[in-house]
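Student:
There are 2 protein chains.
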Amino acid sequence: MTHSNIAAACQALSHLDLDTNPNVLRQKSRDFFWYSPVLKARLDEVCGDFVVSPRNEAEVIEVLRTCYAHDVAVTVRGAGTGNYGQAMPLAGGCVMHMQNMAQIKEISTGRVVVEPGCLLKDIDLACREESGQELRMISSTWSTATIGGYIAGGSGGIGSVHWGSLRDFGNILRIRVITMEKEPRVMDITGADMARVSHAYGTNGIITEIEMPLAPAYEWCDVFLAFDTFEDAMACADDVAHEDGILLKLASVFEAPTAHAYFKRVQPYVSAGTHLVGLMVAPQSMDGFLAFLEANAPSARLIYRSDQSDWARSPGHVFEYSWNHTTLRALKVDPSITYLQIRFAGDEKRAQVETMRRKFEGEVITHLEVTREHGRPIFTGLSMVKFTSEARLDEIVAAHEEIGAMIFNPHRYTLEEGGRQSTDERQLKFKAEADPKGLLNPGKMISWHDPDWTYDEMYSFPDMQQRRSS
Amino acid sequence: MTHSNIAAACQALSHLDLDTNPNVLRQKSRDFFWYSPVLKARLDEVCGDFVVSPRNEAEVIEVLRTCYAHDVAVTVRGAGTGNYGQAMPLAGGCVMHMQNMAQIKEISTGRVVVEPGCLLKDIDLACREESGQELRMISSTWSTATIGGYIAGGSGGIGSVHWGSLRDFGNILRIRVITMEKEPRVMDITGADMARVSHAYGTNGIITEIEMPLAPAYEWCDVFLAFDTFEDAMACADDVAHEDGILLKLASVFEAPTAHAYFKRVQPYVSAGTHLVGLMVAPQSMDGFLAFLEANAPSARLIYRSDQSDWARSPGHVFEYSWNHTTLRALKVDPSITYLQIRFAGDEKRAQVETMRRKFEGEVITHLEVTREHGRPIFTGLSMVKFTSEARLDEIVAAHEEIGAMIFNPHRYTLEEGGRQSTDERQLKFKAEADPKGLLNPGKMISWHDPDWTYDEMYSFPDMQQRRSS
Numbered sequence: 001m002t003h004s005n006i007a008a009a010c011q012a013l014s015h016l017d018l019d020t021n022p023n024v025l026r027q028k029s030r031d032f033f034w035y036s037p038v039l040k041a042r043l044d045e046v047c048g049d050f051v052v053s054p055r056n057e058a059e060v061i062e063v064l065r066t067c068y069a070h071d072v073a074v075t076v077r078g079a080g081t082g083n084y085g086q087a088m089p090l091a092g093g094c095v096m097h098m099q100n101m102a103q104i105k106e107i108s109t110g111r112v113v114v115e116p117g118c119l120l121k122d123i124d125l126a127c128r129e130e131s132g133q134e135l136r137m138i139s140s141t142w143s144t145a146t147i148g149g150y151i152a153g154g155s156g157g158i159g160s161v162h163w164g165s166l167r168d169f170g171n172i173l174r175i176r177v178i179t180m181e182k183e184p185r186v187m188d189i190t191g192a193d194m195a196r197v198s199h200a201y202g203t204n205g206i207i208t209e210i211e212m213p214l215a216p217a218y219e220w221c222d223v224f225l226a227f228d229t230f231e232d233a234m235a236c237a238d239d240v241a242h243e244d245g246i247l248l249k250l251a252s253v254f255e256a257p258t259a260h261a262y263f264k265r266v267q268p269y270v271s272a273g274t275h276l277v278g279l280m281v282a283p284q285s286m287d288g289f290l291a292f293l294e295a296n297a298p299s300a301r302l303i304y305r306s307d308q309s310d311w312a313r314s315p316g317h318v319f320e321y322s323w324n325h326t327t328l329r330a331l332k333v334d335p336s337i338t339y340l341q342i343r344f345a346g347d348e349k350r351a352q353v354e355t356m357r358r359k360f361e362g363e364v365i366t367h368l369e370v371t372r373e374h375g376r377p378i379f380t381g382l383s384m385v386k387f388t389s390e391a392r393l394d395e396i397v398a399a400h401e402e403i404g405a406m407i408f409n410p411h412r413y414t415l416e417e418g419g420r421q422s423t424d425e426r427q428l429k430f431k432a433e434a435d436p437k438g439l440l441n442p443g444k445m446i447s448w449h450d451p452d453w454t455y456d457e458m459y460s461f462p463d464m465q466q467r468r469s470s
Numbered sequence: 001m002t003h004s005n006i007a008a009a010c011q012a013l014s015h016l017d018l019d020t021n022p023n024v025l026r027q028k029s030r031d032f033f034w035y036s037p038v039l040k041a042r043l044d045e046v047c048g049d050f051v052v053s054p055r056n057e058a059e060v061i062e063v064l065r066t067c068y069a070h071d072v073a074v075t076v077r078g079a080g081t082g083n084y085g086q087a088m089p090l091a092g093g094c095v096m097h098m099q100n101m102a103q104i105k106e107i108s109t110g111r112v113v114v115e116p117g118c119l120l121k122d123i124d125l126a127c128r129e130e131s132g133q134e135l136r137m138i139s140s141t142w143s144t145a146t147i148g149g150y151i152a153g154g155s156g157g158i159g160s161v162h163w164g165s166l167r168d169f170g171n172i173l174r175i176r177v178i179t180m181e182k183e184p185r186v187m188d189i190t191g192a193d194m195a196r197v198s199h200a201y202g203t204n205g206i207i208t209e210i211e212m213p214l215a216p217a218y219e220w221c222d223v224f225l226a227f228d229t230f231e232d233a234m235a236c237a238d239d240v241a242h243e244d245g246i247l248l249k250l251a252s253v254f255e256a257p258t259a260h261a262y263f264k265r266v267q268p269y270v271s272a273g274t275h276l277v278g279l280m281v282a283p284q285s286m287d288g289f290l291a292f293l294e295a296n297a298p299s300a301r302l303i304y305r306s307d308q309s310d311w312a313r314s315p316g317h318v319f320e321y322s323w324n325h326t327t328l329r330a331l332k333v334d335p336s337i338t339y340l341q342i343r344f345a346g347d348e349k350r351a352q353v354e355t356m357r358r359k360f361e362g363e364v365i366t367h368l369e370v371t372r373e374h375g376r377p378i379f380t381g382l383s384m385v386k387f388t389s390e391a392r393l394d395e396i397v398a399a400h401e402e403i404g405a406m407i408f409n410p411h412r413y414t415l416e417e418g419g420r421q422s423t424d425e426r427q428l429k430f431k432a433e434a435d436p437k438g439l440l441n442p443g444k445m446i447s448w449h450d451p452d453w454t455y456d457e458m459y460s461f462p463d464m465q466q467r468r469s470s
């Protein structure tokens, strides 16, 4: 930022856990944006000026007060497992890393209170041990991702087939945020106000405490089903998610050759033509699930169930094949792979998927997650794309939009372009209150910087600060 | 039955818990069939010849073997809280009462194994105390009804807004049944075979053990919402059931003047024009629920929540106002009241309800329960009818069927007429195996007695045995 006094802020905060080592700085200024060749080309040199890791809320307040005084931008981050560049300091300045705030404060029936730097995995393990409970939903990066990053940068995940999205009423109970003002305020946000601050990439407040609802923890049975046709695989996953008596945590569909080409430990049990469905089924629902298969999905071949496996090598958690771990596994084999996030909903959703699948055969490999949206199962597509050019990627996006499938574009770094391409008035209004100088994660909310933006082209943040040569 | 040798069977079973006292016999030969004036006129004098209450499975087998040998009909019953005459011995003979088989055998994560005579309430209390769990669904007669009667004679209830129906895959895990043959067989039925024996009124086997799935037990918050218009009340209950993040166990809609006229302890807080919605909300979902109300149901007035009540007298459990307890409360005030069970589903469901509500204003009082059917919330109507004549009742039924609402007629005592008016081939086929002489609960399965029945009129069991004057 033009008037930033980085040196003064660093000096004032030098008693905290602060780092200016260039290698550390570069590493802590990145997330998994490189899944996108488009973002890779634009953000690869983005770098903050210093990293500070507050140990408690008082230190968060001190950092914000100091950076406000010196006009220094603050970009908050957790583990950096997001894919939209959410946690990358486009304007440089302070990277606030939440790793030191990882306390689990309270576990009770149906609820857990945590600090934002807690790993999803650590929350789940503690809740399971203490109370037989776990988070309603998690990301596929469960073992490394923080809850704060998940709330601020995620939308749903494993568990969304039952509980819907993070933004749905009741899926986040309370967020405590600190504003970036001369005297930072502490606010406990609940209920309908949650939409102001959740999924805002840290653009309108720094989260210091989170209260989440819990679900019962079961010894989920991991299942892989093999199919000869994609239509059967898609129908099976969709139909089983409509069975109210069968408790699921995950229902994923992977078009061939995903399983054979990219899922190394699954490969011996499938062929290149195998379409795969991955599921997490509550153990008490396994009998009902098998009865469902027999009656409604006779073409399914049950090739793996974790509770009765004879595979030489365990494939690990099925959820670590789902959501964006699918893309990650594919990327390791074929670096040309990237992905799109697509919403297929309504009575025509299966037909829409088929139309796109046929249109882009060999170029787009269909990957669907069944999720609930306002009471009905829909498909959240995270289809893999063999990248050739930005222009071609835009054509594929346009083709989906033409048939009524909505794209949440992971090749953009702003909230609006990764979402519904429109201003979120609640977030914008709250930012004016909570961040009057616009210092929190600059460049991520188009409506703040350029209220009349028309979305005709990709937004490019004018104050982008690239890494200075060292 | 023509060739029954009642005396010989009684003699052979005299060492068991057996009763022939006429008052006891009359009482144990009845259920709540009298909700229906149609059934009342036809079944009021139905009576068995003796009641036997086996203490264990071996005694069940002995009773069946003996009755088979002497051609004596056996009608099994629990607490007799059903409304379709399910447990009434139309052909006389043996009434098998399951009250002595009420053991809770095993509680584990997600599962409970019980004997059929257990009360739903006792199962829930034991599961809650031992494991923090409870049954997925219960009937409004929770405190008096048995699990065996619920499985064999019920279809869903409180909990169906989340878990769907008892018949859905996964909502019953295992049923152990004894066949009625020369040498009775013991069969453990699971998976898709469950449909052969669940909801069969005891016509094709006697249940001796049941394994049910469990859900987490919460301190459910009971809620009453008041509305000035029925449309708003119906929309609110329907909409909140579509919120995947808000965990509900019940969502009921009561048209005015139900709350004022029939709900005595609610009356001081409503007017004759008040439309009421009753809900059970998980405590961790209350914040999200209140946010939902503010955003999507601004006309709702929250008049009661059990966790913060200032009512002079507690209304008791909200679920004891729901399902057929609504009818029961109305009947106590207005003996002319009876009811219909109606399925309103699909995109037109609200419009269908409104059409019927206007057509029969003052005569039919709309009562809806939101339930899930294959992944989507629908309305199970248990609307109250001010009864005038059987012909008029048939007209009201026909009007519903004309607009596409399906009637499960509670003024009929056969499985088919209370269901979808068609032969259930799986049940019929299994009955031929399990009850070759047709001695189990005769008169309840039309397809057994009269395979060519066309449903043009009410079925009348030709071998009905009325009470002999004492």
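From first to last, the protein sequence lines are chains A and B.
Heads up: the first sequence runs through residues 1 to 470, numbered per full-length UniProt numbering.
Heads up: the second sequence runs through residues 1 to 470, numbered per full-length UniProt numbering.
Just so it is clear, CB atoms sit at the ideal spot from N, CA and C, and this is done for glycine as well.
Treat the numbers as computed from the prediction; the structure is a model and nothing was measured.
1. Within the same chain, show all residues whose beta-carbon is closer than 6 Å to that of H449(A), passing over the 5 residues directly before and after it, in chain order.
2. Considering only residues of the stretch 196–243 of chain B, which uninterrupted alpha helix (DSSP H) runs meet the minimum length of 4 residues and lie entirely inside it, listed in chain order?
3. Please list, in chain order, the residues of the stretch 165–179 of chain A that have any C-beta partner in chain B closer than 7 Å.
4. Here's the rule I'm using: 16 or more other beta-carbon atoms within 10 Å means buried, otherwise exposed. How should Y262(A) be labelled?
5. Output the distance between the C-alpha atoms of A399(B) and F224(A), rounded to the nearest integer angstrom.
6. Name the two residues that bound the continuous alpha helix (DSSP H) containing M286(B).
7. Output the boundary residues of the alpha helix (DSSP H) element that contains K431(B).
8. Which whole runs of the beta strand (DSSP E) in the stretch 2–73 of chain B are 3 residues long or more, in chain order?
9. For G191(A), return the contacting residues in chain B, with the cut-off set at a CB-CB distance below 8 Å.
10. Could you check the C-alpha separation between S469(A) and P442(A) for me, to the nearest Å?
11. Exposed or buried, which one is E361(B) when buried takes at least 16 other CB atoms within 10 Å?
12. Beta carbon of residue 473(B), beta carbon of Y68(B): below 8 Å?
13. Can you tell which of R128(B), H97(B), P89(B) has its C-alpha closest to the C-alpha of S108(B)?
14. Taking CB distances under 8 Å as the criterion, tell me whether E243(A) reaches chain B.
15. Can you check whether the CB of G85(B) is closer than 8 Å to the CB of L16(B)?
16. Can you pull out the residues from the stretch 195–220 of chain B whose beta carbon lies closer than 7 Å to at least one beta carbon of chain A?
17. Taking three-plus beta-carbon pairs below 8 Å as touching, is the stretch 371–387 of chain A in contact with the stretch 307–326 of chain A?
18. Got a sec: is the Cβ-Cβ distance from R420(B) to anything in chain A below 8 Å?
19. Against A235(B), what residues of chain A qualify as contacts under a CB-to-CB distance less than 7 Å, listed in chain order?
20. Quick one, which residues of the stretch 98–128 of chain B are near chain A if we go by CB-CB under 8 Å, in chain order?
21. So Q284(A) contacts chain B; which residues on that side make the cut at Cβ distance below 7 Å?
22. State the Cα-Cα distance for the pair G159(A) and A241(A), rounded to the nearest angstrom.
23. Quick check on the burial criterion: 16 or more other C-beta atoms within 10 angstroms. Buried or exposed for P116(B)?
24. Nearest chain A C-beta to L13(B) closer than 8 Å, yes or no?
25. For T81(B), which residues of its own chain have a beta-carbon under 8 Å away from its beta-carbon, when the five flanking residues on both sides are left out?
26. Rounded to whole angstroms, what is the Cα-Cα separation between A256(A) and V197(B)?
27. Which of the three DSSP states, helix, strand or coil, is assigned to G381(B)?
28. Could you give the DSSP three-state label for S469(A): helix, strand or coil?
29. Can you tell which of E416(B), I246(B), A7(B), D307(B) has its C-alpha closest to the C-alpha of R167(A)?
30. Under 8 Å Cβ-Cβ, which residues of chain A neighbour G346(B)?
31. Would you kindly work out how many angstroms separate the C-alpha atoms of K359(A) and Y455(A), rounded to a whole number?
32. Can you list, in chain order, the residues of its chain whose CB lies under 7 Å from that of F344(B), leaving out five sequence neighbours each side?
33. For residue 523(B) versus F289(B), is the C-beta spacing smaller than 8 Å?
34. Are the beta-carbon atoms of P89(B) and S29(B) separated by less than 8 Å?
35. Closest Cβ-Cβ distance between R376(A) and chain B: below 8 Å?
36. Taking C-beta to C-beta, are F292(A) and E231(A) nearer than 8 Å?
Tutor: Straight from the coordinates:
1. Answer for H449(A): no residue qualifies.
2. Assignment of alpha helix (DSSP H) within the stretch 196–243 of chain B, counting only whole runs of 4 or more residues, yields 230–241 in chain order.
3. The stretch 165–179 of chain A vs chain B, Cβ under 7 Å: D168, F169, G170, N171, L173.
4. Buried, since its Cβ has 16 or more Cβ neighbours within 10 Å.
5. For A399(B) and F224(A), the distance between alpha carbons rounds to 48 Å.
6. Per DSSP, the unbroken alpha helix (DSSP H) holding M286(B) starts and ends at 286–296.
7. Going by DSSP, K431(B) is part of the alpha helix (DSSP H) stretching over 425–434.
8. List check, beta strand (DSSP E) in window: 50–52.
9. Ordered by position in chain B, the residues that pass the 8 Å Cβ test against G191(A) are D287, G288, L290, A291, E294.
10. Because S469(A) carries a pLDDT of 44, less than 50, the predicted location of this residue cannot be relied on, and the following value inherits that uncertainty. Distance from the CA of S469(A) to the CA of P442(A), rounded to the nearest whole angstrom, comes to 22 Å.
11. E361(B) comes out exposed.
12. Outside the displayed range of chain B (1 to 470) lies residue 473(B), so it cannot be described from this structure.
13. For the residues R128(B), H97(B), P89(B), the minimum Cα distance to S108(B) belongs to R128(B).
14. For E243(A), the answer is yes, since a Cβ of chain B falls inside 8 Å of its Cβ.
15. Contact flag unset, no.
16. Cβ contacts with chain A come from P213, P216, Y218.
17. Touching, yes.
18. For R420(B), the answer is no, since every Cβ of chain A falls outside 8 Å of its Cβ.
19. Close to A235(B), with beta-carbon spacing below 7 Å, lies no residue of chain A; the smallest spacing is near 13 Å.
20. Taking 8 Å as the cut-off between beta carbons, the residues of the stretch 98–128 of chain B near chain A are T109, G110, R111, in sequence order.
21. Taking the beta carbon of Q284(A) as reference, the chain B residues within 7 Å of it are G110, R111, L173, P213, listed in sequence order.
22. Each residue's Cα considered, the two are about 12 Å apart.
23. The residue is buried, with at least 16 neighbouring Cβ atoms inside 10 Å.
24. Put simply, the CB of L13(B) is far from chain A, with every gap to its CB atoms at 8 Å or more.
25. Result list for T81(B): D31, F32, S139, T141, T144, A145, G149, in chain order.
26. The alpha-carbon atoms of A256(A) and V197(B) are separated by roughly 41 Å.
27. The three-state secondary structure of G381(B), taken from DSSP, is strand.
28. Low local confidence applies: a pLDDT of 44 at S469(A) is under 50, so the model's placement there is unreliable, and no value is given.
29. The alpha carbon of R167(A) has as its nearest neighbour, out of E416(B), I246(B), A7(B), D307(B), the alpha carbon of I246(B).
30. Correct list: empty, because the minimum Cβ distance to chain A is about 11 Å.
31. Looking at the two C-alpha atoms, the distance is approximately 26 Å.
32. For F344(B), where only same-chain residues beyond five positions count, the Cβ hits under 7 Å are Q352, V353, I378, F379, G381, A405.
33. Outside the displayed span of chain B (1 to 470) sits residue 523(B), for which this structure offers no information.
34. Contact flag set, yes.
35. At least one CB atom of chain B sits nearer than 8 Å to the CB of R376(A).
36. For F292(A) and E231(A), no; Cβs fall outside 8 Å.
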